[in-house]
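S.K.: Right, I'll just put the structure down here and ask away after.
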Amino acid sequence: MDARVFGFDNNPFFSPLLNHQPMAATPADVKEYPNSYVFVVDMPGVKSGDIKVQVEGDNVLSVSGERKRDVEEEEEQVVKYVRAERGVGRFTRGFRLPENANVEAISAVFRDGVLVVTVEKVPPPEPKKPRTIEVKVASSSSM
């Protein structure tokens with residue numbers, strides 16, 4: 001589904017900052033919940049040890065990884081590719097986090113080729129209670 005349908009095309013939070021080749025199209029969904037943001041990134045064929053999640057500079061969530069060819073199979077026998085369509089290589093996706101993202105409370109889970117990164121929100125500040133000022137009664141002689 002295209003983000004422009006919902007008017008997110010000009011919002012830097014919903015547009016990826018980075019999308020490096022050669023494994024270009026690494027699809028991701030970004031969801032907002034009342035207490036968190038959740039990034040769901042498709043990473044088929046990537047091993048968990050080849051995935052890196054970090055927060056960079058100006059609140060940029062960076063997800064990177066590498067998909068490799070199955071070298072063990074190729075070493076056992078002479079392999080000639082007739083057609084090679086599955087992308088391999090390194091990739092990086094970056095997402096600018098909003099100001100209310102708690103960069104100290106981020107978790108990532110990888111399962112069945114899907115990485116789920118959860119970024120908790122900073123709770124909103126308590127509303128300030130009004131401060132009552134005592135009104136003193138002045139004597140008539142002091143006026």
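Take the sequence shown: its position 94, counting from 1, is numbered 94 in UniProt numbering, and each next residue is one higher. Note that beta-carbon positions come from the ideal geometry of N, C-alpha and C, so glycine has one too.
1. Tell me the residue span of the beta strand (DSSP E) that contains residue 37.
2. Excluding the 5 residues preceding and the 5 following residue 108 in the sequence, name in chain order all residues of the same chain whose CB lies nearer than 6 Å to its CB.
3. Could you check which residue in 127, 112 and 126 has the C-alpha nearest to that of residue 40?
4. Determine the closest residue to residue 27 out of 45, 37, 93 and 98, with distance taken between C-alpha atoms.
5. Short of 8 Å in beta carbon distance, which residues of its chain neighbour residue 139, apart from the five on each side in sequence? Order them along the chain.
6. Please report the straight-line C-alpha distance between residue 86 and residue 42, rounded to a whole angstrom.
7. Report the residue from 114, 126 and 130 whose alpha carbon sits nearest the alpha carbon of residue 65.
8. For residue 46 and residue 110, I'd like the C-alpha separation in whole angstroms.
9. When you compare each of 129, 123 and 131 to residue 36 by their alpha carbons, which one comes out closest?
10. Run through DSSP, which three-state label would residue 87 get?
11. Quick one: measure Cβ to Cβ for residue 96 and residue 60, integer angstroms, because I've assumed they're closer than 8 Å.
12. Which residues in the same chain as residue 100 place their Cβ atom closer than 7 Å to its Cβ, once the five residues preceding and following it in sequence are excluded?
13. Assuming residue 62 and residue 56 form a contact by the criterion Cβ under 8 Å, report the distance between their Cβ atoms to the nearest whole angstrom.
14. Could you spell out the range, first to last residue, of the beta strand (DSSP E) harbouring residue 109?
M.R.: Checking against the coordinates, here is how it stands:
1. It spans 36 to 42 - the beta strand (DSSP E) in which residue 37 sits, taken as one unbroken run.
2. 53 and 117.
3. Closest by alpha carbon: 112.
4. Looking at 45, 37, 93 and 98, the one whose alpha-carbon comes closest to that of residue 27 is 93.
5. Within its own chain, no residue has a Cβ closer than 8 Å to the Cβ of residue 139 once the five positions on either side in sequence are excluded.
6. CA-to-CA, the gap between residue 86 and residue 42 works out to about 14 Å.
7. Of all alpha-carbon atoms in 114, 126 and 130, the one lying nearest the alpha-carbon of residue 65 is that of 114.
8. C-alpha separation (whole angstroms): 10 Å.
9. With distances taken between CA atoms, residue 36 lies nearest to 123 out of 129, 123 and 131.
10. Residue state, collapsed to three classes: coil.
11. The C-beta distance from residue 96 to residue 60 rounds to 6 Å, short enough to meet the 8 Å contact threshold.
12. Sequence-distant partners of residue 100 (beyond 5 residues in either direction) whose C-beta falls short of 7 Å from its own C-beta, in its chain, are 121 and 122.
13. Their Cβ separation, rounded to whole angstroms, is 5 Å, which keeps residue 62 and residue 56 in contact under 8 Å.
14. Here the beta strand (DSSP E) through residue 109 covers 101 to 111.
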